[in-house]
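Below is one structure, written out as structure tokens; the observations come after it.
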Amino acid sequence: MKPTPIHVWRERNHVRMVDFAGWALPIFHSGILEEHHVVRQAAGLFDVSHMGRLRIEGPHAFALLQLALTNDLSALQPGRGRYTLLCLENGGTLDDAIAFRLADEAFQLIPNAVNKDAVLAHLLGLRARNDFRVEIIDQTDSTAMLALQGPSSARILADLSPEPIDELRFFAHMDAMIGGIACCVSRSGYTGEDGFEISCAAGQGEALWTAILEAGQPHGLLPAGLGARDSLRIEAGLPLYGHELSREINAAYSGLDFAIKLEKSDFIGKQAVAAASRDGRERVLSGFCLSVRAVPREGFAIARNGAEIGRVTSGVFSPTLGRGIGMAYIEARHAVIGAPIEVAIRQKAAPAVIVERPFVPRGRRA
Numbered sequence: 213m214k215p216t217p218i219h220v221w222r223e224r225n226h227v228r229m230v231d232f233a234g235w236a237l238p239i240f241h242s243g244i245l246e247e248h249h250v251v252r253q254a255a256g257l258f259d260v261s262h263m264g265r266l267r268i269e270g271p272h273a274f275a276l277l278q279l280a281l282t283n284d285l286s287a288l289q290p291g292r293g294r295y296t297l298l299c300l301e302n303g304g305t306l307d308d309a310i311a312f313r314l315a316d317e318a319f320q321l322i323p324n325a326v327n328k329d330a331v332l333a334h335l336l337g338l339r340a341r342n343d344f345r346v347e348i349i350d351q352t353d354s355t356a357m358l359a360l361q362g363p364s365s366a367r368i369l370a371d372l373s374p375e376p377i378d379e380l381r382f383f384a385h386m387d388a389m390i391g392g393i394a395c396c397v398s399r400s401g402y403t404g405e406d407g408f409e410i411s412c413a414a415g416q417g418e419a420l421w422t423a424i425l426e427a428g429q430p431h432g433l434l435p436a437g438l439g440a441r442d443s444l445r446i447e448a449g450l451p452l453y454g455h456e457l458s459r460e461i462n463a464a465y466s467g468l469d470f471a472i473k474l475e476k477s478d479f480i481g482k483q484a485v486a487a488a489s490r491d492g493r494e495r496v497l498s499g500f501c502l503s504v505r506a507v508p509r510e511g512f513a514i515a516r517n518g519a520e521i522g523r524v525t526s527g528v529f530s531p532t533l534g535r536g537i538g539m540a541y542i543e544a545r546h547a548v549i550g551a552p553i554e555v556a557i558r559q560k561a562a563p564a565v566i567v568e569r570p571f572v573p574r575g576r577r578a
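When we follow my numbering, the leftmost residue of the sequence shown carries the number 213, and every step to the right adds one.
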């Protein structure tokens with residue numbers, strides 16, 4: 213397993229780690245439930261150094277990304293970012309990512325850890341086939357990345373930095389000194405709460421981690437792991453690659469229309485995505501809430517009047533709501549808010565209802 217820049221700190225503090233996309237990361241520090249609740253009520257600090265960090269710069273950087281990404285970067289100003297997908301020609305998703313514009317001819321792309329190498333190879337292939345004059349630099353190993361998430365996040369950073377970080381809008385980024393360390397910080401995250409994602413040189417990663425933990429102690433800050441990160445993102449109704457997104461699922465079914473700009477002149481996979489949108493979506497990504505105390509899991513069958521209409525893609529017992537919730541691709545004609553369904557759990561049909569996402573109202577975002 214590959215260590216992150218926070219690995220030595222975790223070893224000193226006897227934090228158990230598991231293999232996640234080839235990286236050594238913790239499921240939890242103190243406990244999943246405690247970490248989940250503290251992010252909703254105060255703040256949690258996640259090590260997300262496993263996420264990819266690709267810098268794309270040069271005279272054709274915009275042209276390359278405009279072709280590779282489903283979202284439209286033409287109006288994206290330096291200092292701003294956008295959520296986007298990278299599609300394949302069949303309309304399936306290679307990955308979802310955030311693209312930040314650093315300067316007129318410089319961008320940063322944040323892909324998922326499991327897909328970073330595939331995304332890098334994809335971009336290099338597009339560069340070669342189109343003779344784009346652009347440099348693509350993999351900064352994943354040379355940097356650390358932390359996610360400070362929760363309603364107290366801005367106050368914690370205010371104690372560490374003279375910069376007006378709290379004035380950042382959602383998906384905006386800036387360079388800032390945090391705890392005396394040169395960082396790039398964006399107002400973004402994967403929890404449904406207000407928060408920030410902060411990157412710095414890998415050699416400064418542990419110092420930044422400990423500085424934020426110390427500054428956050430009076431605010432109730434706790435370190436958090438993969439378990440809470442997953443339950444928080446499900447409550448927020450956010451997709452995860454390999455669950456709601458994949459190479460086989462047409463991006464048109466994902467409900468991410470805000471990140472797919474079919475009016476663009478072109479992007480990889482546009483024809484297949486447009487056809488699925490035009491011809492009627494066979495399946496719709498939907499949220500559901502169980503009416504009994506049970507936990508839905510990935511792959512569980514979903515039925516209506518005894519006939520299967522879909523499969524669970526993500527499920528969890530919601531710590532905030534106190535009941536089982538999940539997401540599933542459901543046949544479009546049955547994907548109606550308020551419609552009753554049954555989830556097959558332990559050979560029993562657990563009653564549930566299709567509901568809107570997010571399951572939990574999202575926190576303040578500037």
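Idealized CB from N, CA, C, for every residue including glycine.
Exercise for review: Mark F470 as exposed unless 16 or more other C-beta atoms lie within 10 angstroms of its C-beta, in which case mark it buried.
Suggested key: Exposed, because fewer than 16 other Cβ atoms sit within 10 Å of the Cβ of F470.
Point to revise | Assigned exposure category for E409 - 16 Cβ within 10 Å defines buried | key: Buried, because 16 or more other Cβ atoms sit within 10 Å of the Cβ of E409.
Check your understanding: Hey, how far is the Cα of G304 from the Cα of G392?
Key -> In this structure, the alpha-carbon of G304 lies about 43 Å from that of G392.
Review point. Do the region 317–326 and the region 365–379 touch if we need at least three Cβ pairs shorter than 8 Å?
Key: Because the criterion of three Cβ pairs below 8 Å is not met, the region 317–326 and the region 365–379 do not touch.
**Study point:** Closest Cα partner of G401 within the set I310, L468, T355 and D343
**Key:** Nearest neighbour of G401 by Cα position, chosen from I310, L468, T355 and D343, turns out to be I310.
**Study point:** Classification of V220 by the beta-carbon crowding that lies within 10 angstroms, buried from 16 upward
**Key:** The residue in question, V220, is exposed, as its Cβ has fewer than 16 Cβ neighbours within 10 Å.
Exercise for review: Let me know the secondary structure DSSP gives V528 once reduced to three states.
Suggested key: V528: strand per DSSP, three-state reduction.
Point to revise | Neighbourhood of Q559 by C-beta, 7 Å cutoff - its chain only, sequence neighbours within 5 removed | key: Cβ within range, chain order: n/a, list empty.
Practice item. Note down, in chain order, each residue of its chain lying with its Cβ closer than 7 Å to the Cβ of V548, except the 5 sequence neighbours on either side. Key: So the qualifying residues of the chain are I566.
Review point. Under 8 Å, do D350 and L336 count as touching if we go by C-beta distance?
Key: L336 is positioned such that its CB atom lies no closer than 8 Å to that of D350.
Check your understanding: Can you tell which of L279, A325, R294 and P374 has its C-alpha closest to the C-alpha of R339?
Key -> The alpha carbon of R339 has as its nearest neighbour, out of L279, A325, R294 and P374, the alpha carbon of L279.
Point to revise | alpha helix (DSSP H) segment containing L306, residue limits | key: No alpha helix (DSSP H) contains L306, which is instead part of the beta strand (DSSP E) from T305 to A315.
Practice item. Output the residue ranges of the alpha helix (DSSP H) runs that lie fully inside the region 246–278 and measure 4 residues or longer, sorted by chain position. Key: Segments of the alpha helix (DSSP H) lying fully in the region 246–278: there are none.
Check your understanding: Do you know how far the Cα of I244 is from the Cα of A190?
Key -> Past the edges of the chain, shown from 213 to 578, lies residue 190, and the structure says nothing about it.
Check your understanding: My guess is that C412 and L425 are in contact by the Cβ rule of under 8 Å, so how many angstroms apart are they, rounded?
Key -> About 15 Å separates the Cβ atoms of C412 and L425, ruling out a contact at the 8 Å cut-off.
Check your understanding: Just reading off the beta strand (DSSP E) that D361 is part of, what are its end residues?
Key -> According to the sequence as given, residue 361 is Gln; it is not Asp. Element bounds for Q361: T355 to Q361.
Exercise for review: Identify which residue in F312, A315 and D308 has its Cα closest to the Cα of A325.
Suggested key: Sorting F312, A315 and D308 by C-alpha distance to the C-alpha of A325 places D308 at the top.
Point to revise | Whether H455 touches S526 by CB criterion (8 Å) | key: Yes. Within cutoff.
Practice item. Could you check which residue in A506, V504, F500 and T532 has the C-alpha nearest to that of R523? Key: Ranking A506, V504, F500 and T532 by CA distance to the CA of R523 puts F500 first.
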